[in-house]
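One structure is given here, and the rest of the page talks about it.
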C-alpha cells in the first residue's frame, strides 16, 4: 500500500509562488498617490576618525636629561680666560666681533634647531590626525546635507487618502487596519533615512570635539618647545654676559666696543614668538627669524 503524497503547503500556487494571505498587500503593489516604495539609499561608508597617537616619538635632549646646557665651573673659567686674552689682544678691533661670541651664538643656534626638530617630530602624527579630521568633518557635513534633501521629499505623515488606499486582498480588511499597515510601510522606508541624518550629525560633532583636543595637544607642545628655547637663550646670554664683563675690563677700548658685541648676540627664532602668540609672527620680531 503506497503512502499518499502530502498536501501542498497553504497559500502556495501551482507555480511555487506564495500567495498573499487575505487582508495583506500583494508584493510589489505600490501605494497610489504616495511616494513609490523603494529601499533607502545606502550612505557612502565613511572611515572612522583617526584617534591621536597615545605617545609621540621625541628626540633625546642634547645632554641626555633636561636638554639644557650645563654651565660648569670649568666652562665658566674657560670663558673668563678667553675674555681676558681677547681683551689684551684688542679683539674685537672692529664690527667683526670675537670668535668666542660667534661660537656661543652658533651653539645656541644649533640647540634651538634641535628643539625645532624635536617639536616637528612630536607634531607630525598630530598634524596628520588634524588633516584627517578636517576632511572627515567636511565629508560628514556633505553627506548629512544629501540625506536631509532626501528626507525633505518624504513628508512625515501620509495624507488620509493615501493611508486609506487598499491593496490586493484588502477589500474586506477594516479601515483602521489598512491605515495602520500603510503607515507602518511608509515609516519603514522613511525611518532609516532619518536615523542616517542623526548618525551623521553625531559623527560630525564627535569629529569636531576630537579636532579641538588635537589642537590643544599641538598648542601645548608648541608652548613647551618655545619655553625650552627661551631657557637656552637665557643660559647662552648668561655665558655671554660673563664673557663680556671680563672682555671690557681688559680691552683697550672697553667703553666703545659695546655695539660691536651686541651685534653678535644670538636671536630667538621667529617660530618661538609664533608659538607664544598663537598667530602670525609679530612685525617687530620678524627680523629675528633670519
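In my numbering, the protein residues as written are 255 to 544. C-beta: ideal position from N, C-alpha, C; glycine also.
- For residue 494, the enclosing alpha helix (DSSP H) begins and ends at 429 to 504.
- Scanning 384, 530, 374 and 371 for the CA closest to the CA of residue 467 turns up 384.
- A direct Cα-Cα distance of roughly 20 Å separates residue 402 from residue 462.
- By the Cβ criterion, the stretch 504 to 521 is not in contact with the stretch 383 to 400, since fewer than three pairs of Cβ atoms, one from each stretch, lie closer than 8 Å.
- In the structure shown, the three-state DSSP call for residue 516 is helix.
- A distance below 8 Å separates the beta carbons of residue 362 and residue 486.
- Residues of the same chain with a CB within less than 6 Å of the CB of residue 411, apart from the 5 flanking positions on each side, do not exist.
- In this structure residue 366 is not in contact with residue 513, their Cβ atoms being roughly 24 Å apart against a cut-off of 8 Å.
- Of the residues assessed, residue 352 falls on the buried side of the cut-off, its CB having 16 or more other CB atoms within 10 angstroms.
- In this structure residue 458 is buried. Its beta-carbon is surrounded by 16 or more other beta-carbon atoms within 10 angstroms.
- Secondary structure note for residue 374: its alpha helix (DSSP H) is the uninterrupted segment 353 to 406.
- Put simply, of 426, 448, 447 and 419 the residue whose alpha carbon is nearest the alpha carbon of residue 435 is 419.
- A distance below 8 Å between beta-carbons, with the five flanking residues on each side excluded, links residue 334 to the following residues of its chain, in chain order: 496, 497 and 500.
- Nearest in C-alpha terms to residue 490, of all of 502, 503 and 519, is 519.
- The stretch 463 to 483 makes no contact with the stretch 340 to 347; the number of CB pairs closer than 8 Å stays below 3.
- Per DSSP, reduced to three states, the secondary structure at residue 331 is helical.
- DSSP, read as helix, strand or coil, puts residue 336 in helix.
- Straight across, the Cα-Cα distance linking residue 375 with residue 364 is about 17 Å.
- Boundaries of the alpha helix (DSSP H) around residue 526: 524 to 531.
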